[in-house]
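Peer 1: So that we are looking at the same thing, I have put the structure below in structure tokens.
Residue numbers (my numbering): 251 to 518.
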């Protein structure tokens, strides 16, 4: 059976995209991620899950030389002292992470660093050095102040161009206790309340706070909730799927599918 012109053209397009993706992968083979978040937001744990390891990352400076973490003070750990430093896990060296330590009220220096970093990476002629996605970690264990003004300012002021931003709401399990109490006070027994709380607490948070980010000038492309990340069996599959869904460039998507090793279903 011969192919119609339309089918032949479609097959040609697929083959062209495949060859282009292979060319890009041979040039890059590095998927670069900027992870933003204040201390204790759970960033390192998430990156370890993504790279399927429990080991700490290697930190490389701008010149590509490894930094001895034992010689750094605590506030300079994980490359936080320089956004240009690269974090790499031996289990998957194709993922390259950069770390921003988050933003504080009244201080604009870190936000300015992120703006400059995103702009410089987008203008770099070397594909290996491009930034592909931003993961923004916001811990929501503080019900009184789940999203700070400084964090909100990122979505007000920082346009990232073609680089998608995904919000990672971490420590969602910390909301469960209050929700269980609320459900029990409403007449539900404790066992049922404990089962219902994870879903209800996230739904309430998203309604009261989460949607706020999407109303700003530079909204995220999506969000993911994390809970119980201290559990060794926890994974980041939803984050990987969400990241893949936000990558509109076919070659960048193919690169991402190539370098990630933990969720093979993404490649199907």
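Even for Gly, the Cβ is constructed at its ideal location relative to N, Cα and C.
Got a sec, what are the start and stop residues for the alpha helix (DSSP H) residue 493 sits in?
Peer 2: 487-496 is the span of the alpha helix (DSSP H), which, as asked, contains residue 493.
Peer 1: Can you tell me where the beta strand (DSSP E) with residue 342 in it begins and where it stops?
Peer 2: Residue 342 -> beta strand (DSSP E) spans 342-350.
Peer 1: Which runs of the beta strand (DSSP E), 3 residues or longer, sit entirely within the stretch 283-321?
Peer 2: Listed in chain order, they are 308-310.
Peer 1: With a 10 Å radius around its C-beta and 16 neighbouring C-beta atoms as the bar for buried, classify residue 348 as buried or exposed.
Peer 2: That one is buried.
Peer 1: Apart from the five residues just before and just after residue 474, which ones in its own chain have a Cβ nearer than 6 Å to its Cβ?
Peer 2: Hits under 6 Å: 418, 488, 489 and 492.
Peer 1: Please list, in chain order, all residues of the same chain as residue 308 whose beta carbon is under 6 Å from its beta carbon, the five residues on each side excluded.
Peer 2: Here the set comprises 316 and 338.
Peer 1: For residue 524, report the span of its beta strand (DSSP E) as first-last.
Peer 2: No statement about residue 524 is possible, as the shown extent of the chain runs from 251 to 518 and does not include it.
Peer 1: Less than 8 Å between the CB atoms is what I'm expecting for residue 422 and residue 477, so what's the real figure, rounded?
Peer 2: Sure, about 4 Å apart at Cβ, within 8 Å.
Peer 1: Are the stretch 356-368 and the stretch 401-411 touching by the rule of at least three beta carbon pairs closer than 8 Å?
Peer 2: Yes, they touch.
Peer 1: Identify whether residue 475 lies in helix, strand or coil by the three-state DSSP scheme.
Peer 2: In the structure shown, residue 475 sits in a strand (DSSP, three-state: E or B).
Peer 1: Rounding to the nearest angstrom, what Cα-Cα distance links residue 387 and residue 438 in this structure?
Peer 2: Between residue 387 and residue 438, the C-alpha separation is close to 33 Å.
Peer 1: Given a threshold of 16 other Cβ atoms within 10 Å of its Cβ, counted over all protein chains shown, does residue 370 qualify as buried or as exposed?
Peer 2: Answer is exposed; the Cβ neighbour count stays below 16.
Peer 1: CA-CA distance, residue 415 and residue 318?
Peer 2: Cα to Cα, residue 415 sits roughly 30 Å from residue 318.
Peer 1: What is the DSSP secondary structure of residue 333, reduced to helix, strand or coil?
Peer 2: Looking at residue 333 - three-state DSSP - the assignment turns out to be coil, as it is neither helix nor strand.
Peer 1: With 16 other CB atoms within 10 Å as the buried threshold, where does residue 373 fall?
Peer 2: Under this definition residue 373 is an exposed residue.
Peer 1: Considering only DSSP beta bridges, list what residue 416 is partnered with.
Peer 2: Per DSSP, 385 and 472.
Peer 1: Could you have a look at residue 327 and say whether DSSP puts it in helix, strand or coil?
Peer 2: With a pLDDT of 49 at residue 327, under the threshold of 50, the predicted position of this residue should be treated as unreliable, and no value is reported.
Peer 1: Just curious, the alpha helix (DSSP H) that residue 435 is in, first and last residue?
Peer 2: Unbroken alpha helix (DSSP H) run through residue 435: 426-435.
Peer 1: Sort out for me which residues DSSP pairs residue 281 with in a bridge.
Peer 2: Per DSSP, 345.
Peer 1: What first and last residue would you give for the alpha helix (DSSP H) that runs through residue 484?
Peer 2: That residue, residue 484, is in no alpha helix (DSSP H); it is neither H nor E in DSSP.
Peer 1: Could you check whether residue 485 and residue 282 sit closer than 8 Å to each other, using their CB atoms as the reference points?
Peer 2: No, the Cβ-Cβ distance between residue 282 and residue 485 is not below 8 Å.
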